[in-house]
Amino acid sequence: MKIEKKKMTGAVLVEGGGIAGVQASLDLANSGYKVYLVSRSATIGGMMSHLDKTFPTGDCATCIVSPKLVECSRNLNIEILTLSELEKIDGEPGNFKVTVKKSPRYINEKICNDCGECTTACPVEISDKFNRDLGTRKAIQKYYAQAVPNKPHILKLGHSPCKMKCPANINVQGYIQLIKKKEYLKAVNLIRERNPFAAVCGRVCPAPCETACTRSKVDSSLAIRQLKRLASDQEIKLYKSGKLKLPEEKKPASGVKKVAIIGGGPAGLTAAADLADKGFAVTIYESRDSAGGMLYCGIPRYRLPKDILDYEIELIKRKGVQIVLNCTIGKDKTFSELKKENEAVFISAGAHVSRKLNIGGEDKNGVNYGIEFLRQAAIEKNKPKVTENVVVIGGGNVAVDVARTALRLGAKRVELVSLEQRNEMPAYKDEIKATLEEGILIRNGWGPKQILGNGSITGIELKQCISVFDSNGKFKPSYDENKTIILDADQIIVSIGQMVDGDLTDDIGIDLERGCFKVNPITLETSVEGIFAGGDNASGPGSVIEAVAAGKRAAESIGRYLNDEDILSGRFEHSLKPFPEELLPSAKNVAKKQRALAGELTVDNRVNNFNEIEYPFSEEDAMKEAERCLNCAQCSECMECVSACEKKAVDHSMSGQKVELEVGAVILTPGFDEFDAEQKGEYGFNRYSNVLTSVQFERMLSAAGPYSGHVVRRDNRKEAKRIAWIQCVGSRESKPGNEYCSSICCMATTKQAMLASEHLNGLQGTIFNMDIRAHGKDFDQYYERARAMKNIEYIKSMPSRIVQMPGSNDLRLVYVDPVKGYTEKEFDLVVLAVGLEPKISVTESVRKLGIEINEYGFCKTDRLSPLITSKPGVFVGGAFQEPKDIPETVVQASAAAAMAMELLSPSKNTLVTSREYPYEHDVTDEKPRIGVFVCHCGINIAGTVDVEKVTESIKNEPGVVLASHTMYTCSDSSLSNIKEQIVKNRLNRVVVASCTPRTHEPIFRETLREAGLNPYLFELANIRDQCSWVHSSEPENATLKAVELVKMSISRAFRLMPLEGEKIPIHQNAVIIGGGVSGMTAALSLAEQGYDVDLIEKSSQLGGNLALIHSTLENENLNKFKDDLIEKFSTHRNIDYYLNSTIEKVTGHIGEFKIHIIKDGKPKEFTCGAIIIATGARPAVTKEYAYGTVKKVKTQIELEDSLNSGKIEKRGQTYVMIQCVGSRNLENAYCSRICCSMAVKNALRIKRGDPTANIYILYRDIRTYGFREIYYKQAREAGVVFIRYDENNLPVVSDINGVLSSVKVESPDFPEPILIEADQLILSTGITSEKDNKALSNMLKVPLNANGFYVEAHMKLRPVDFATEGLFVCGLAHSPKMIDENISQAKATAARAATILSKSHLEVGAQVSIVNQNKCISCMTCVNVCPYGAPYCNYNHKAEIERAKCMGCGICTAECPARAIQLNHFKSNYFTAMIDNLFHVEETVSR
Amino acid sequence: MNDKTFEPKIIAFCCHYCAYASADLAGSMRLQYPSGVRIIRTPCTGRLEAEYYMRAFENGADGVLVAGCLEGGCHFIEGNLFAKKRVSAVRDILQESGIEKERLRMVNISAAMATNLASVIKEMVNTIKELGPNPIRKIHNGPEIEFKEYEMLNSR
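Protein sequences appear in the order of chains A and B. Throughout the first sequence, residue numbering follows my numbering, covering 1 to 1487 in sequence. Throughout the second sequence, residue numbering follows my numbering, covering 10001 to 10156 in sequence.
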C-alpha cells in the first residue's frame, strides 16, 4: 500500500483515550500532525488511571500518567473528543472522511471551572464504576479526582422505571432525592411540574410507580406515595404557619384565546392549570357546589381531608383559572353556547352515574347507589341516612369506600358482597385489610339474585358465582343459580361501577366508543375540531393520576392547537426513554432495609368519624425511606446541580451530535475490558463481599481510593491479613473465559502482593497459579524478590471453589496442593486476577467499520505486521491488538503513530497551528510593578477565605501597584482584564491567587505572553486547593494563611526575571546503530517519513539474528521476510548503510550529535539529530547439561536450523527439551522471554513431520503469553509432554560413551523421579546481551542494567527513550523479545525520533541551571550528580551546563559546594525571600 | 506562649511532581488538616539547600516538612535521595544546636497519597505541639538579628 504524490490530509484520528491513545496522539502532534483523540469515556487515561502503582519500579501510576494526560490536553494540535466513538470511515487512506458520534456531557466544558459545587449539591449516590463498585459517586462528578479533562459529567442514559410507569411520568426519583436533602419545597415543585395534586396524590394515588420500583427486587418497593405526602405536608405546614405565602393571584391578559373546560375534576383542573400557565383564559364549568370531581365527592374524607384538596385547588385558581360552580352544561348552559364563546373546549366531566344491577326489587325503597351515596356523604350538611343493617354490593374501591362510609355514618352491621374471590377483588389490598379491621364482613363469591321485601327492603338473595372472568379474561360472571342464600338487610348500596352521564354525551354529539368519548389516545382530540376530551369520560373510570395525565396531555394539545402548532411532533411523551434495563442497579450486594410503615388511627378511634386515618411519616423515617432509593436512572434530574452552578455550565438539555472529520489515517487503541468474574460462579464474586477482582483490589490499594489504601475485609473493615490471589480467572480456559493468556496478571498479582505486604503488617499472601509469567524486562527478578519473601507463597494449583463460612464470613478455598493433596484453607480476602478481553461494544463497532476481528474479538493482525489492520490506512496498537502490559502498549502506540506518519509524510505540518505572540517588552531594568489578582472562584475560595481582606492586606506589599479581586480569574473576561491592566498599569510582574499552578499556570502564562510580557514573570499563589478547600472549617485561619501565601508569592514575584529558551537547530536526519530487523525497520520507517538515515552495522551483513530463525510460532516464513526486508532497506533512496563499521566516538546533544566511525579501517563522521540504538543481542552459550561434550545435545537454535534444512534423522525418536538453561538463575537472573514459544514451535514442527516422535519439555514455568498460549495447548494436544522441574533440582543427563542416553528429572508434580531415555537433548539457552554494549553505552553516556541491556528513560511510559534526549533504543539491545515486538519497538523509536526530526529548531530549557564561571572551583560535583549528563568540563576547566540536556531539577544547584550554580526560575534568593517573608523578617536582600 | 493555644507554623517544601500534586488532591478530596502549614513548591526536593531549613528555623519556623516523590519514583530519577541525605545531615545539626530534630522531617508522598500527606501534617503538628514553639522564637523577635551570612549567600 503506497500512495504516491497525492494530496493527503495531515490529520489522524486516534480512537481510545487510554495510555496508548495518549502516546500516539502526543507523538503525532509533536511530529507535525493534527490529532483528534476520541475517547468513549468522559476522560482520557484509560486503565492506567485506575492503578495504584506499577511494577517493577513501584511508581505511583497517577504520578506518571497524569503529566502525560495534562500534556495531551494542553497540546494545541490535539483535539480531545470525550464521550465519543468512531462510527464510520469513508474515503481512502490519506483522505478519510470519518463520522464520530458524541454523547452529551451535560456540562459546557468551556465555562466549567471544576469548582465541584455541582457534585456537592447532587443528592444522588450511586455505585462508582471508577472504583469498580467499591465506593459511591454522585450522578454529576468527575470520573476521578485528577481526571483530564478536569470537568464533571452527568450519568444519564434514560428515565427510571418509576417515572416511566407513572401515567403522568412524574420525576419520582428526582423528588425522592430532593426529599433526601430535605428540600421539600423543591420536591413539591418538581412533582407539580407533572401533577398539580402533589398532596392529594400523596394520599390517594394507587402508586403504580411502586410496582415498577427496582428496590422490590432487593426487599420491597419504596413507599413513594407516603414520601410524596411528607413533602407536600411540609409545604402545607409552612403555609399554615405563615412562613410560606401562596403565589399572587394572576389574571389572563386581555384578548387571549379562551378555553372552556367541562368538569372540575382532576383532569379538568390539571388541564386548566397548564393552560393558564400557557397564558390562555380558562373557565371551568362544574355542576356541583365545589370543584374536585371525584376527589371532592367520590373519595371519603378519612382518606382525603377536604382542606388538602382545597389547598391544591386554590393554587390552581391563583394561576388565573375561573371556576363556575353549580353550572351543568346542557342544563344551565348549552354546549353550543359554550363552543361559540371559546376557541377550544376540554370535556372532563367524569363518570358519575352508577351502574344498575337490573335485578328484581331494585326499585324498592332502601336501594341506593355507591357514587350517589358517597356524594351525599361528602356534603357536610345533608349526610345520607344509614340504617342498621347495610349490604354493599361490589368488590371495587368504591364499594369499599361505601362500606366504610356507611359504618362511619352509623350502620350497626355492614356486609360487603363481592362476586370475586378475596384475591381477585379489584379494591386495593390495603383498603380491604382496613375494611376487615373495621369489622365489616366481606362475603366473596356471591352475586345478587333479587332484592327482597315489600315496599321497603328486608334482605337480598344471593347466588353463588362460579367464575368472574371467561377464558379470555373478560368480565363475564357465571353463576350456580341453585345455590343461593339470603342476607337480611334494610339498606342495600349498589357499587358495581360508574359510567358517563348519557345526557351529556347525547347532547354534545361527538363520536362515542363504549359510552365514552372517542379520542385520539395521545392528543385527546375528538371527532369535532377544537373539542378535546379526557379523564373518566374518555377512557372510562380510572385513577386520579390517570386523570392528571389526561389533563396534561389535553393542555399540551389545546395549547398547540390554539397556537397553530403541529399537535403531534416532539411531545413530552416522545422525550421519555427508559433507562437500559441491563444497566439498572443490581439487587446483589445491596443490604436489605425494611420499608418504612406509616402509622394510622386505631380502629376504635376511626370507625365513628371521618378523620384522616393514615399518619404521615416522621422526617426520620422519610429520610431512611428515601435512602433506600437505588437511583435507577443515575441522574435524577432534580436540577440541584443547575442551581448550584454559579457559572451556569450545567445544561441538561444537551443532546448527542455527529461530528464529521477529515483525516488521513486512523489509529485504533480502544483497549480492553476485564473478564466478568461473575461468570466463574464457583468463586462467588458478587455473592461474597470479600471476593474482589484484581482491579477492585488495585482501587483498594490506592491511597486515593475508597479505602484510602487500607487493605481490609469488606464485611467488617478489619485488616485482611490472609489474602489469596487466584490467577487466570477468565484466561487460559475456553469456557467461561478465553483461551489466550492475558499476559499481565501474574505480574500484577505479584505487585499487589508486594504492595499489600507494605500496607499491612503480617500479611500472609498465597498466589494460586498454573505458571508465573514474568517474561518482561526485569520482571523475573521482581518475581523472585516476591518469592523470596516469607509472607508470600506461590502454589501451583487452581482452587476449585470458594465457600463463605457461615458466621465468620471467612472464605474457604478448596484446592489440590502439589505436596499435601486435597486442601482446604481459609482467607480474609480473595482477589481474582481477572483476564483481559476486548469490550464487546468496541469489537462490534470496529467490525462495523469493516475491519477484521480475530476469533477472540481482538483486532486481527499478522505477527510480522502487528500494527496493520485489514483496512488500509487504519492502524492498531495496545491491548486491542493482543493483551499486553503498559510498556508494550506505549511502544505499539508510538509504532502505530509511525505507521500513520509514513503514510502521511507529504502532508506533514499542513494542518498544525502554533500561536503567535506580540513582541516581549524588556523589563530587566525596570523596578518591579506587580499586579495581584485574587480569585473568588465562585464560593470555592470566597466561601472560606475573606477575599476582600486578602486583597486589602497585600496592597502595600513592596512592588505591588495593583491589587484586585475577581469572581473567576480564569474566565475569558478576567483574562482580558489582566491583559488590559498589564498595559494600563505598566505591570511587569503578575501574581494570581487562585488554584493550582499544575493546571492553571499555563493559562496565565499564556495571558502574559499575549500582553507582551515574558511568561516567567508570573507567579501563582495556591489559595484554593491548598487553603480554602483544606481549611473550610476554620475560615479565619484560612484567610490569614491566604494572606501569607499571597505575600510570599509577591516576594517571589518581586525577584522573578524573564527567561529565554535557547533555539537550537536540528539536523533532520538520524543515525541507527545495528543492522538487524530492528535497525532496518526503524531506518525504513524514518526513511519513509522522508528523513535521511545512516545505518551502521559492525558485521559484514544485514539481518542480524534473522539468519538464525526460520519461522514464527504461527509458521510464517522468516527467510522470505528477511530477504524482502533487506531488499527494501538497501534500495531505499533515503538510506545509506555502512557494514563492517565500528563506532569510535559520540559527542553532542539532541539535534546535533556527532558520530565518528571507522569503516574498513577508514574514519568517517556523521552529524545527526537523533540516534537509535538497535545493536541487538545474541543467543546465549552454555556448558550445562554436557553441551559440547556429549553427542546429541544441542541448542534450540541448532535444532531449528536442522529442522529447517529438513533433516529429521529418524522417525519415532525421543526428544527432551530443557527450558531456562543458564537463565533465571543467580548468574543470569532474567527470563529470555522467547524460549518457551520457541520450544513449543519446534516441538510442533517435529510432531508435524513425525507424529510418532516423543517430545518431553522440562520447564519451570511455560511462558507462552498472549495468543501464543493456543500453541502451547496445541502442543499438549499433539502429545508433547510437559514436565515441571524445580530450579533447585535440575534434570540430570546421562551418557554412554559420550553419547546421550537418558535424562532424569524429579518433578514436584510427580511422586517418583522420571527417567527418560532420550535420543536428542535440546537446550533452551536464551539470549545474552552484546559484550560491546559497555563501550558504546559509555560513549553515549546511557546506562546498562546488570545483565548488559540498555536501560530506558522510564520502564513504563518512556520505553524506547533514554533519559538523555535524542537517544532511543529498540530491539534486543533493550531486552529479549519476540520478532513482532522488535518490529513494534523499532517503529516506536522512529516515531519518537520524528518528534525531534520534524522540527527545524528546538527550543530548549529556560528553566535550566547556569554556572557562575567565576565561582566554579572545578570540583565537577555537578558532573557527577546530574542524572542527565548535562554539566561538562569546558575549555577553561570550569563546569558548564549543556542547556539542551538540562531538565531543570536543580540537583546540581543544591549540591554545588561553591554555590556557583543557580537554577533559573528557582533561584536561592526566591526561596529565602519566601521563607523570610513568611516570618516577617525584614528583607535584607535586594533582588 | 500558652501550649493550648499554640498552633505550630510549619513550612512544607513539596516537589512539583508528587507531593505538591498530592496536596492539590487533598484539596479536591476536601481533606482537612491544620492550617499552620505553608507549602512552598520546588521542582524537586533535590533542589533544596540545607540553608533553607536552617533559615526557616532561625526565622522562627516551628517545623519544616520536606515532601518528595516515593523513593525510586522521583521524576528526576534520584533528586529525592539527595534531599534525604541533606535532611538527615541538618537533623543532626539541629540536634547538636539544641533544636529537636523531630522539627525537620522528610517524607515520600506520591501524587495519589493525599490522605497520607494530610495525616503526616497532622502528625507533625501534634509532635511539635508537644515539643512547644521553636526555642529560637524566644530569643529573637524579628528584625534585630542580622543575616549577614545569608546576605552574602544571596548576593550571588
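All C-beta atoms, glycine included, are put in the ideal place defined by N, C-alpha and C. Since the structure is predicted, the reported quantities are computational estimates derived from the model, not experimental observations.
Within-8 Å CB hit, residue i to chain A
i, result
"Thr10005 (chain B)", "no"
"Leu10104 (chain B)", "no"
"Gly10132 (chain B)", "no"
"Ser10110 (chain B)", "yes"
"Met10029 (chain B)", "yes"
"Ala10026 (chain B)", "yes"
"Glu10078 (chain B)", "yes"
Contact set for residue i: own chain, Cβ-Cβ below 6 Å, skip 5 residues either direction
i, result
"Lys1041 (chain A)", "Cys1027"
"Leu1020 (chain A)", "Val992, Pro997, Glu1001"
"Ala1243 (chain A)", "Ile1255, Ala1275, Val1280"
"Ala538 (chain A)", "Cys516, Phe517, Val519"
"Val386 (chain A)", "Ala406, Leu409, Gly410, Ala411"
Enclosing beta strand (DSSP E) for residue i [first to last residue]
i, result
"Thr602 (chain A)", "Counting along the chain, Thr602 (chain A) falls outside any beta strand (DSSP E), and DSSP gives it neither H nor E."
"Phe1129 (chain A)", "Note, Phe1129 (chain A): premise wrong, no beta strand (DSSP E); alpha helix (DSSP H) at 1118 to 1130."
"Pro477 (chain A)", "475 to 488"
"Pro208 (chain A)", "Careful: Pro208 (chain A) lies outside any beta strand (DSSP E), inside the alpha helix (DSSP H) at 208 to 212."
"Ala10012 (chain B)", "10010 to 10015"
CB contact check: residue i to chain B, cutoff 8 Å
i, result
"Lys1041 (chain A)", "yes"
"Arg408 (chain A)", "no"
"Leu134 (chain A)", "no"
"Val1425 (chain A)", "yes"
"Gly58 (chain A)", "yes"
"Val1030 (chain A)", "yes"
"Pro706 (chain A)", "no"
"Gln1026 (chain A)", "yes"
Same chain, Cβ closer than 8 Å to residue i, neighbours up to 5 away in sequence not counted
i, result
"Gln10032 (chain B)", "Ala10118"
"Val795 (chain A)", "The sequence given here has Ile at residue 795 (chain A), not Val. If we look at Ile795 (chain A) and ignore the five residues flanking it on each side, its Cβ neighbours are Thr766, Ile767, Phe768, Asn769, Tyr815, Asp817, Pro818."
"Ile1451 (chain A)", "Val1425, Cys1426, Pro1427"
Buried versus exposed call for residue i [16 or more other C-beta atoms within 10 Å across all chains shown]
i, result
"Gln657 (chain A)", "exposed"
"Gln634 (chain A)", "buried"
"Lys7 (chain A)", "exposed"
"Thr523 (chain A)", "buried"
"Phe933 (chain A)", "buried"
"Leu76 (chain A)", "exposed"
"Ala1439 (chain A)", "buried"
Bounding residues of the alpha helix (DSSP H) (the contiguous stretch that carries residue i)
i, result
"Ala220 (chain A)", "Correcting the residue identity first, residue 220 (chain A) is Ser in this sequence and not Ala. Run containing Ser220 (chain A): none; DSSP gives neither H nor E here."
Nonlocal neighbours in the same chain, by C-beta distance under 7 Å from residue i, ignoring five residues either side
i, result
"Asn761 (chain A)", "none"
Given 8 Å, three or more beta-carbon pairs between the stretch 1252 to 1266 of chain A and the stretch 1216 to 1234 of chain A: yes
The stretch 1263 to 1272 of chain A touching the stretch 734 to 751 of chain A, judged by at least three CB pairs closer than 8 Å: yes
Any 3 or more C-beta pairs closer than 8 Å across the stretch 643 to 661 of chain A and the stretch 107 to 127 of chain A: yes
contact_flag[the stretch 1076 to 1084 of chain A, the stretch 1370 to 1386 of chain A] where n(CB pairs < 8 Å) is 3 or more: yes
At least three beta-carbon pairs within less than 8 Å, the stretch 855 to 864 of chain A to the stretch 1329 to 1338 of chain A: no
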